[in-house]
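J.:
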Amino acid sequence: MRFTRFASLVAAATTGMVLVAGCGGDDSSTASSSTSSSSCAGGVGEYFSATTNAGEPEIRIPELSGWTRISDFESEVARLTVADPSLTTDGYTANVVVSIEKSSMSGDAEFDRQMQGLDKSAVAGSVTRHDTASTCGYPSMLVDYQLQTPTQDQIVSTATSLVVSVPGEPTSTTVLVTVQTANPDDATYLDAKQKILNGVRVAA
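My numbering puts the last residue of the sequence shown at 204; the count rises by one with no breaks.
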């Protein structure tokens, strides 16, 4: 895996939605974002844990075989980055970026704010917003879109983001889990994406 390319993938993932202040495939409907708060307290299997600061929610995603944490590309915005080198197409490696952003809004108002930024950065006509659901007891939504990578070859990636709004005072926390690839029809990738998004755990 080319780590210079991976750095640009992280930039693409965090520019799409988080930097508001911060073609998805049709398969995304199978990745339900509805999980109860009780099911998020534990969880079977191994998990990657995002780096968090005091007062921020704990965020975990399933640790699947072949997926490796790339901590060199984590930051105050991108709190967890993982990738599977075996899922590489034209030098683009399938990856997951977990981001955190503080916001004065929560719920649907926050989702609308995030979509405003995504509409400006995503490939025109590629954005599909799914119905609001619940993740670990918090309002959430799934959105599919495409991004053009900020590299010389300008590969178009297909991404699905799970956006979770965790209310708080005086500010709320928005958690984004973005899974992306240059080969959205790959069966192995689709299986991994569904498991990752279904297995997201958020606990305040």
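We put the CB at the ideal spot given by N, CA and C, even for glycine.
1) Hey, Ser206 and Gln180 are a contact pair by Cβ (cut 8 Å); roughly how many whole angstroms apart?
2) Once the 5 residues before and after Met1 are set aside, which same chain residues still bring their CB inside 7 Å of it?
3) Is the beta carbon of Ala159 less than 8 Å from the beta carbon of Leu142?
4) Looking only at C-alpha atoms, which of Asp144, Arg113, Thr51 sits nearest to Arg69?
5) Using CA coordinates, which residue listed in Ser126, Ser121, Ser165 is at the minimum distance from Ala133?
6) Taking the beta strand (DSSP E) that Ile100 falls in, what are its first and last residues?
7) Using 8 Å as the limit for Cβ to Cβ distance, is Pro62 near chain C?
8) Report the rounded CA-to-CA distance for Met115 versus Asn198, giving the unit in angstroms.
9) Only counting runs of 3 or more residues, tell me where the beta strand (DSSP E) segments fall wholly within the stretch 148 to 177, in order along the chain.
10) Please state the DSSP three-state secondary structure of Ile196.
11) Hey, how far is the Cα of Glu76 from the Cα of Cys136?
12) What span of residues does the alpha helix (DSSP H) with Asp112 cover, start to end?
13) In the DSSP output, which residue or residues are listed as bridge partners for Pro62?
14) Any idea if Ser103 is buried or exposed, counting beta-carbon neighbours within 10 angstroms, 16 or more meaning buried?
15) Just how far apart, CA to CA, sit Phe48 and Ile61?
T.: With the structure as the only source:
1) Residue 206 is absent from the structure shown; the chain starts at 1 and stops at 204.
2) At Met1 the pLDDT is 39, less than 50, meaning the model places this residue with poor confidence; the figure from the coordinates comes in the next sentence. Hits under 7 Å: Ala83, Pro85, Thr88, Thr93.
3) Not closer than 8 Å, so no.
4) Residue Thr51 is the option with its Cα nearest to Arg69.
5) Comparing alpha carbon positions, the residue from Ser126, Ser121, Ser165 closest to Ala133 is Ser165.
6) 92 to 103 is the span of the beta strand (DSSP E), which, as asked, contains Ile100.
7) The structure shown contains no chain C; it holds only a single protein chain.
8) Each residue's Cα considered, the two are about 21 Å apart.
9) Entirely contained in the stretch 148 to 177, the beta strand (DSSP E) runs reaching 3 residues are, in chain order, 156 to 166.
10) Note: Ile196 maps to helix in three-state DSSP.
11) Between Glu76 and Cys136, the C-alpha separation is close to 23 Å.
12) Taken as a continuous stretch (DSSP letters only), the alpha helix (DSSP H) holding Asp112 covers 107 to 121.
13) DSSP lists Tyr47 as partners of Pro62.
14) Buried is the call here.
15) In this model, Phe48 and Ile61 are separated by some 5 Å (Cα to Cα).
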